[in-house]
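> Residue numbers (this note's numbering), protein chains in the order written: chain W, 565 to 669; chain H, 6 to 517.
There's a structure below that I have some questions on.
In structure tokens:
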């Protein structure tokens, strides 16, 4: 995690738990969605998701270990999905979107 | 042999062994089966060989339920019938379509599993299709670039479709019909009434009218109605001289259970570049593509979710636009263009088809064709207005249920999850699919009319028996999609022709 990203996330109080558990910036970067939809759409989805769920729930995106992509696949396989802006997203990546939307564009 | 009924002396009597009412895909397929036989076949067609507005107007009718397409534009009233403007989509029904599903009222066909298979094989050639193969693996073997998405077969599968050129029965089989000495084709011969005997146990004859005021009669050993779901029901209901509610209608089933395929844009797919190579399997260029796949839910998931059968097709597009529904795209003007294209021999690309897909499209529209649940309240009735021949016009009351809405939602929940699981991309679902209120304004069918003379072993539950004979009428049969107890997810034409070939074998056995 570079310093700039660390400071940005710290401002929202989400990095302490992530860093303490050894998580990196991938935890708050929904890379697959960014590749598919681009940052503007992903930020919009993140904002919408933040309106849908309590802030505390978002932190769980940064507090689990293991491969993010594997967790996302596992979410889809187990039906842990949420519809945001019409998109069927895994819970993990929806939380990623929410955190990503807190970053300055 | 061809005779224009307008040229006959008024009051003529036409006689044969088998009398077929209607010369569309069903009527022509049936007549061709008898071309080399010793039986005389009367083939009665209300229209002529060309499109005639006055003939189309006989199909005009009232819409009193959900909004629907103009009835006079949804069907062609001429030799060849609606194959004059169809697009050629063909696929078989799935095994689950024949089953009694406890969550789908009135479901279940009175046919054995696989009973239609040999007739499907025979129907392939009539519709000028490829090999009788509808497994994705078969097509992948023929063309290794056609690779189905690696979905979990317990959840989803790739349902294969084949595309007829499309066969215009009116041109493709005109000579075969006209040149057959034992087939007596009468054009401009509109059947206005089926005349039952006094006991209402059999048909004695048919009354035929022409727009220039002549009236003829036809008499045969057996009669087959083959003039499409709305007109089959209309004719039975209007033949009420000896039976107040019309013929075959002791239990008030005629005209009920009208079904369509609900054809709607439902969402988008943002495709992962890693999965672009699978898209060849799902691509369609009308006029060129011989076969393609559509995504479908497994029978196990349909059972688990208690939903209807349906498919999801992919069409390159952008996220900024919503694809048009079938009725939005296929305006009456567009259908007319398709008909004219067919009359010219289907040269080049069909009218108004989109240009070929981009090299590697990233976004796709997701379009669904969903079966409609059999619903006795969705029905064809007789209206108060009469047509130019004095027949009451049809009145359509198209109705859908919550099961269709719930099925759309469930399909996209499953597809969204499964495509996400395999990393194929992400699915966006349109608001109306996720909602529970009224149907959207672009609600659309596929011009697939089915079910108005449904098949059932019991006359209390259906109009025709498993041999397509109208219950309690010894010599009256029905051919076409009006006999379908359920619609399945496949377009009706291939199954319709297969069912006609099965009926033909039955009639040959009966008359021999």
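From the three backbone atoms N, C-alpha and C, an ideal C-beta is built for every residue, glycine too.
I want to see whether chain H comes within less than 8 Å of residue 664 of chain W, judged by CB atoms only; does it?
Not an interface residue.
> Might you give, ordered along the chain, the residues of its own chain that have their beta carbon closer than 7 Å to the beta carbon of residue 44 of chain H, omitting 5 neighbours on each side?
Correct list, in chain order: 22, 23, 187, 516.
> Does the distance between the C-beta of residue 49 of chain H and the nearest non-hydrogen atom of the ligand MN fall short of 7 Å?
Absence of the ligand MN is noted for the structure shown, with no ligands found whatsoever.
> Distance, Cα to Cα, residue 324 of chain H vs residue 274 of chain H?
Cα to Cα, residue 324 of chain H sits roughly 9 Å from residue 274 of chain H.
> By the 7 Å beta-carbon criterion, what residues does the stretch 632–652 of chain W contribute toward chain H?
Correct list: 637, 640, 641, 643, 645, 647, 650, 651, 652.
> Classify residue 587 of chain W as helix, strand or coil using the three-state DSSP reduction.
Annotation note: pLDDT 44 at residue 587 of chain W (below 50); position unreliable, no value reported.
> With distance defined between alpha-carbon atoms, name the residue in H:89, H:79, H:92, H:125 nearest to residue 99 of chain H.
Cα-wise, what sits closest to residue 99 of chain H is H:125.
> Indicate whether at least one CB of chain H lies closer than 8 Å to the CB of residue 597 of chain W.
Yes, contact with chain H.
> Could you name the residues of chain W that residue 435 of chain H contacts, counting a contact when the two beta carbons are closer than 7 Å?
The answer, in chain order, is 650.
> For residue 294 of chain H, count neighbouring Cβ atoms within 10 angstroms of its own Cβ and tell me buried if that reaches 16, exposed if not.
It is exposed - the Cβ of residue 294 of chain H has fewer than 16 other Cβ atoms within 10 Å.
> Against residue 600 of chain W, what residues of chain H qualify as contacts under a CB-to-CB distance less than 7 Å, listed in chain order?
275, 277, 430, 431, listed in chain order.
> So does the stretch 135–146 of chain H actually touch the stretch 499–517 of chain H, counting three or more Cβ pairs closer than 8 Å?
The stretch 135–146 of chain H vs the stretch 499–517 of chain H: no contact.
> Do residue 392 of chain H and residue 384 of chain H come within 8 Å of each other at the CB atom, strictly closer than that value?
For residue 384 of chain H and residue 392 of chain H, no; Cβs fall outside 8 Å.
> Look at the Cβ atom of residue 66 of chain H, then the Cβ atom of residue 27 of chain H, and state whether they are nearer than 8 Å.
In this structure, residue 27 of chain H does not lie closer than 8 Å to residue 66 of chain H by Cβ.
> Looking only at its chain, what residues have a beta carbon closer than 6 Å to the beta carbon of residue 33 of chain H, apart from the 5 residues adjacent to it on each side?
Cβ neighbours of residue 33 of chain H beyond the five flanking positions: 174, 178.
> Quick one: any contact between the stretch 154–167 of chain H and the stretch 420–434 of chain H, if contact means 3 or more CB pairs under 8 Å?
Because the criterion of three Cβ pairs below 8 Å is met, the stretch 154–167 of chain H and the stretch 420–434 of chain H touch.
> Considering only residues of the stretch 613–663 of chain W, which uninterrupted alpha helix (DSSP H) runs meet the minimum length of 4 residues and lie entirely inside it, listed in chain order?
Here the runs fully enclosed are 619–623, 632–642.
> In chain W, which residues lie with their C-beta within 7 Å of the C-beta of residue 422 of chain H?
Result: 640, 643, 645, 652.
> Can the beta-carbon of residue 185 of chain H be found closer than 8 Å to that of residue 25 of chain H?
No.
> How many Å lie between residue 282 of chain H and residue 336 of chain H at the Cα?
Approximately 34 Å, taken between the alpha carbons.
> At what residue ranges does the stretch 62–118 of chain H contain a whole run of the alpha helix (DSSP H), taking only runs of 4 or more?
Counting only runs of 4 or more, we get 76–79, 100–103.
> For the stretch 435–466 of chain H, enumerate the residues whose C-beta is nearer than 8 Å to any C-beta of chain W, in chain order.
Of all residues in the stretch 435–466 of chain H, 435, 436, 439 have a Cβ within less than 8 Å of some Cβ in chain W.
> Could you tell me the distance, in whole angstroms, from the CA atom of residue 370 of chain H to the CA atom of residue 270 of chain H?
Cα-Cα distance, rounded: 7 Å.
> Looking only at its chain, what residues have a beta carbon closer than 8 Å to the beta carbon of residue 12 of chain H, apart from the 5 residues adjacent to it on each side?
Correct list: empty, nothing qualifies.
> Have a look at residue 114 of chain H and residue 593 of chain W and give me their C-alpha separation to the nearest angstrom.
Roughly 52 Å separates the two Cα atoms.
> Quick one: any contact between the stretch 191–209 of chain H and the stretch 366–380 of chain H, if contact means 3 or more CB pairs under 8 Å?
Judged by Cβ distances under 8 Å, the stretch 191–209 of chain H makes no contact with the stretch 366–380 of chain H, as fewer than three pairs qualify.
> Using alpha carbons as the reference points, say which of H:387, H:460, H:451, H:466 lies closest to residue 64 of chain H.
Checked all of H:387, H:460, H:451, H:466; the closest Cα to residue 64 of chain H is H:387.
> Checking the sheet assignment: what are the DSSP bridge partners for residue 174 of chain H?
DSSP output for residue 174 of chain H lists no bridge partner at all.
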